[in-house]
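Chemist: Right, I'll just put the structure down here and ask away after.
Numbering (our numbering), first residue to last: -10 to 97.
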C-alpha cells in the first residue's frame, strides 16, 4: 500500500488562515499538489508567496454558482479537506437567520 501524497492533488477549503493554512503548507511539504481555497484573497497571496507550488482559488463557498464555476476548472482532485467554516460568537438567543446560513457552510 502506498500512502505517499507525492503528486496527489488535494483541495483544502478554509485555507486562508489557521488549520487550513497550515495544512496546505504541510501537504505541499509532503509533495502534494495543493489547491488552497478561501474567500479571502489576501491570505492566499501570502500563502502563495510562502509556498509557490500551491495553487490558490479565492471564492466564497456560500455562493454556489461562483463555487461551481471556479471549481470546474480543477481537472481532478485526489482528496478534499473540507475545512471551511465560521465561528459565530454570540449567545444562542441572539443568532439570526443569516448567522445560521453562514454556519451552514461548515456543514457542507
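Beta carbons are placed, not taken as given, at the ideal position from N, Cα and C, and that holds for glycine. All figures in this text were calculated on a predicted structure; none of them were measured in a lab.
Over what stretch of residues does the alpha helix (DSSP H) that includes residue 128 continue unbroken?
Modeler: Within the shown structure, residues of the chain are numbered from -10 to 97, placing residue 128 beyond reach of any answer.
Chemist: For residue 2, I'd like the list of residues in its chain whose CB is within less than 8 Å of its CB, leaving aside the five on either flank, ordered along the chain.
Modeler: Position 13 of the chain shown, counted from the first residue, corresponds to residue 2. These residues qualify, in order along the chain: 9, 26, 27, 50, 69, 70, 71, 72 and 73.
Chemist: Tell me, please, which residues DSSP counts as bridged to residue 69.
Modeler: On the chain shown, position 80 is the one that residue 69 refers to. Paired residue(s): 0.
Chemist: DSSP puts residue 47 in a beta bridge; with which residues?
Modeler: By one-based count along the chain shown, residue 47 stands at place 58. Bridge partners of residue 47: 27.
Chemist: Three or more C-beta pairs under 8 Å: does that hold for the region 37 to 53 against the region 5 to 24?
Modeler: At 8 Å Cβ cutoff, the stretches touch.
Chemist: Under three-state DSSP, which class holds residue 22?
Modeler: The residue given as residue 22 occupies position 33 in the chain shown. Residue 22 falls in the strand class under three-state DSSP.
Chemist: Quick check on the burial criterion: 16 or more other C-beta atoms within 10 angstroms. Buried or exposed for residue 32?
Modeler: Along the chain shown, read from residue 1 onward, the residue named residue 32 stands at position 43. With 16 or more Cβ atoms within 10 Å of its Cβ, residue 32 is classed as buried.
Chemist: For residue 80, name the three-state secondary structure that DSSP assigns.
Modeler: As a working note, residue 80 is residue 91 in the chain shown. In the structure shown, residue 80 sits in coil (DSSP, three-state: anything other than H, G, I, E or B).
Chemist: What does the alpha-carbon distance come out to for the pair residue 66 and residue 79?
Modeler: Within the chain shown, residue 66 is the residue found at index 77, counting from 1. Within the chain shown, residue 79 is the residue found at index 90, counting from 1. When rounded, the distance between both Cα atoms is 36 Å.
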